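Residue numbering for the sequence shown follows the working numbering, beginning at 8 and increasing consecutively.
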Amino acid sequence: MTPMGMKLKLITLIMVCLLSIPSLPHASAQEVKYDWLGLTMKEGTIDLPGGYKLEAKIKHIGGVAAYAVEAQVYKGSMNNPCLTGRGVWAYMEGGGTLPTRAEIVVKENCPFDKGGKILYRIIIKGDESDKENRTIAFDIIDSIYSPDANLTLNIGFPKSKEYDAANSQVIIPVTLRNEGPASVSWVRVLLTWGRLEGEGSINLTQSVPSPSYSTSSSANYSFGGLDVNRSYSMSFTFVAGPGQYKYGNYSVNFLVYYGTKFRYEGFNATRNAKIFRYDPSAFKVVSDSVKLVFGLKYKGRVGNPSVSVVAERPTGDMEVDEGTPISFSFYLQNTGADSAYNITIRVNVNPDLPTEIIAPSSIAGRSFPIVVTKEMPPKARSEKVEFRIVVPKGSGGTIYRVNITAGYFDIRDKYYEATRFFTITVRQPGISKLYVTKTISSSTVPVNGTIEVNVIVSNNGTAAASKVTIEDDFPRDLFKLVSGDTKLTASSLSPGGVLALSYKLRAVRDGIATFGSAKVTYVDPQEGQKTILSAMKSPVVVTIVKPELSVRVEDIPPNVTNVNSLIQFSIYMMNKGNGDAKKLSVEMEFS
């Protein structure tokens with residue numbers, strides 16, 4: 008390709024790209040104009056926008072055997088023509104090359120040759136006029152007046168309104184107003200109503216005016232024309248509702264049709280003009296609706312909460328002594344499928360005992376009943392509630408019943424209760440009966456030998472002993488404490504319980520040791536401070552012994568003897584002490 012050819016191709020490509028770019032919109036202060044197309048009139052006079060009149064007649068021109076439309080515009084009266092001469096002519100047939108259409112430029116000043124603002128242009132269309140029916144066709148273009156009609160639907164009621172009542176009478180006022188600029192030829196209103204969701208019904212009980220036709224869910228109303236800035240007023244009375252504790256959503260719908268005489272065809276951007284065409288069947292529609300909502304809080308609510316009293320302490324029935332303080336800890340939990348409301352906790356003790364609320368801090372010190380929460384959703388739980396009772400002295404043998412009740416309501420105000428029972432049995436006051444035994448592991452022990460002393464205390468009574476102390480002693484001139492202790496204390500010893508004191512002694516010299524009884528002191532719940540000794544028929548005696556051995560050799564062999572001959576001698580051992588000698592061994596050495 009030659010350089011010139013490449014250059015031409017590039018220029019062509021640039022032009023194609025430029026043509027492909029859509030033109031950008033531009034702001035224009037030009038006034039919007041209106042075209043009224045497809046107009047016709049019977050031979051005679053009709054009103055025009057702006058207070059003018061158009062007079063049009065079909066004339067036969069005998070000299071040329073032609074027919075033409077003669078048109079003139081008047082302002083106010085027929086004695087005030089706005090066009091000089093006989094007006095304009097638009098030939099229908101037989102005019103040869105004479106124009107079939109004529110234009111009248113309507114201005115704000117009459118006569119029009121005085122100048123002034125152009126209001127619109129009238130195009131007399133002789134070629135579309137009908138001499139047989141004596142009708143003249145014409146258009147109005149570039150008009151500052153719109154042929155359109157605009158009807159507004161004003162509902163004097165909120166778009167959506169909620170009700171807490173089970174049902175209600177509802178009055179909905181409606182106003183239809185023609186905002187112009189053209190008149191409305193007819194009006195028809197279609198009213199429908201029905202349930203959107205939930206339960207219940209809605210019914211029309213009264214309307215002003217009365218409908219021309221109605222069913223159980225709709226009504227039709229028809230009116231004549233409506234001039235500019237004129238109104239129709241209507242009123243509709245409904246009874247609606249789902250019933251108590253239920254949800255219902257209802258709608259009332261207004262669909263208004265009205266005749267406009269002109270049909271909108273589009274917009275001419277070049278002339279900044281909206282195009283309308285005359286159409287006796289043309290109409291427009293305006294609509295609106297209102298919603299009536301009853302019992303919204305019941306929407307989707309199944310209304311079956313299930314609140315439980317969950318005990319943390321105690322977990323079951325109890326048996327206690329007189330004077331025992333008992334703490335209770337529990338919480339509430341909703342295991343149902345809907346919320347619980349206005350939960351009230353009551354605690355009843357029978358026979359009656361005072362209760363002291365400890366927690367939570369927000370209600371500490373108060374008395375039952377209490378409201379824990381206004382609403383408890385599913386799976387929710389309350390704070391822990393703690394309270395205390397004290398079993399009084401002198402109540403032995405009494406059985407107390409503690410009843411924790413949580414009363415609550417569902418979304419529809421149905422009442423429920425959850426209960427937790429406890430039984431507290433107070434023991435009859437008893438006495439503690441302690442028995443003490445003391446044992447020593449051996450009655451004989453060698454010097455440096457050891458013995459073990461055990462003191463056992465058991466409670467064979469029906470009540471616990473408190474402040475129990477076991478004390479014992481040993482002959483300290485003959486023994487030394489090796490391990491353990493000779494004293495033991497305990498805060499209490501329950502019925503059937505056992506305490507044990509154990510220690511070990513080493514004998515330091517021989518002799519006879521006498522061991523006394525162990526002493527136990529305690530407090531009996533009925534008899535107070537008591538002291539008992541270990542059971543002993545006679546003092547326990549332990550002998551500390553020490554063996555003393557002597558050795559004597561007899562039958563000594565002669566000083567000389569033969570090789571490989573036997574020799575014989577005797578060895579005697581004697582224990583002169585007071586204790587057994589054990590694990591004896593004899594060693595002899597020959598040289």
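A virtual CB, placed ideally from N, CA and C, is assigned to each residue, including glycine. This structure is a prediction, so every number in the text was calculated from the model and none was measured.
Own chain residues within Cβ distance below 7 Å of residue i, not counting five before or after
i: aspartate 234; result: Asn185, Ser190
i: valine 593; result: Ile578
i: glutamate 272; result: Ile282, Phe283, Arg284
i: arginine 388; result: Tyr338, Leu339, Gln340
Reduced DSSP secondary structure (H/G/I, E/B, other) of residue i
i: leucine 105; result: coil
i: lysine 121; result: helix
i: glycine 94; result: coil
i: glycine 201; result: strand
i: tyrosine 254; result: coil
i: leucine 303; result: helix
i: proline 453; result: strand
i: glycine 57; result: helix
i: glutamate 390; result: coil
i: glutamate 534; result: coil
i: lysine 166; result: coil
i: isoleucine 370; result: coil
i: lysine 440; result: coil
i: lysine 553; result: coil
i: leucine 591; result: coil
i: serine 240; result: strand
i: threonine 52; result: strand
i: arginine 434; result: coil
i: serine 190; result: coil
Run of the beta strand (DSSP E) containing residue i, from where it starts to where it stops
i: proline 154; result: It is not in any beta strand (DSSP E) - proline 154 carries neither H nor E in the DSSP assignment.
i: glutamine 340; result: 332-341
i: isoleucine 2; result: Nothing can be reported for residue 2, as the shown portion of the chain is limited to 8 through 598.
i: proline 180; result: 175-185
i: serine 225; result: 225-230
i: phenylalanine 269; result: 269-275
i: alanine 78; result: 73-82
i: alanine 347; result: 347-357
i: serine 150; result: 142-150
i: aspartate 42; result: 40-49
i: phenylalanine 522; result: 518-522
i: alanine 318; result: 314-320
Residue i versus residue j: straight-line alpha-carbon distance, rounded
i: isoleucine 282; j: threonine 212; result: 45 Å
i: arginine 513; j: valine 462; result: 18 Å
i: aspartate 484; j: proline 321; result: 56 Å
i: tyrosine 257; j: threonine 182; result: 21 Å
i: alanine 34; j: valine 177; result: Residue confidence for alanine 34 is low, a pLDDT of 36 falling below 50, so the modelled location carries little weight and cannot support an answer.
i: glycine 58; j: serine 136; result: 24 Å
i: arginine 419; j: glycine 401; result: 49 Å
i: leucine 55; j: serine 150; result: 11 Å
i: valine 548; j: serine 450; result: 6 Å
i: valine 196; j: lysine 114; result: 40 Å
i: lysine 421; j: proline 165; result: 33 Å
i: isoleucine 129; j: glutamine 37; result: 21 Å
i: phenylalanine 243; j: serine 214; result: 4 Å
i: glutamate 139; j: phenylalanine 290; result: 30 Å
i: serine 499; j: valine 530; result: 9 Å
i: phenylalanine 428; j: phenylalanine 337; result: 12 Å
i: leucine 360; j: valine 392; result: 18 Å
i: threonine 493; j: glutamate 534; result: 27 Å
i: tyrosine 81; j: isoleucine 125; result: 15 Å
i: glycine 323; j: glycine 503; result: 24 Å
i: serine 238; j: leucine 160; result: 10 Å
6 Å Cβ shell around residue i - same chain, five flanking residues per side excluded
i: glutamate 390; result: Pro367
i: threonine 351; result: Pro376, Val378, Gly414
i: tyrosine 170; result: Phe301
i: threonine 405; result: Val433
i: glycine 45; result: Arg284, Tyr285
i: valine 314; result: Leu339, Asn341, Ala347, Ala413, Tyr415, Ala425
i: glycine 83; result: none
i: phenylalanine 119; result: Cys89
i: alanine 470; result: Gly437, Ile438, Ser439, Pro532
i: asparagine 357; result: Arg408
Close beta carbons around residue i, own chain, < 8 Å, minus the five adjacent residues each side
i: proline 218; result: Leu198, Ala226, Asn227, Tyr228
i: phenylalanine 274; result: Ala280, Lys281, Ile282
i: alanine 525; result: Val443, Lys445, Val462, Ile477, Glu478, Asp479, Leu508, Leu540, Ser541
i: valine 329; result: Looking at the sequence itself, residue 329 is glutamate, so the reference to valine does not match. Around glutamate 329: Val398, Pro399, Lys400, Gly401, Ser402, Gly403, Val433, Arg434, Pro436.
i: glutamate 319; result: Ser336, Phe337, Tyr338, Lys391
Within the region 481-516, ranges of the beta strand (DSSP E) (whole runs, at least 3 residues): Entirely contained in the region 481-516, the beta strand (DSSP E) runs reaching 3 residues are, in chain order, 486-491, 494-500, 505-514.
Any beta strand (DSSP E) of 3 or more consecutive residues that is wholly inside the region 380-429: Counting only unbroken stretches of 3 or more residues, the beta strand (DSSP E) elements lying wholly within the region 380-429 are 392-397, 406-416, in sequence order.
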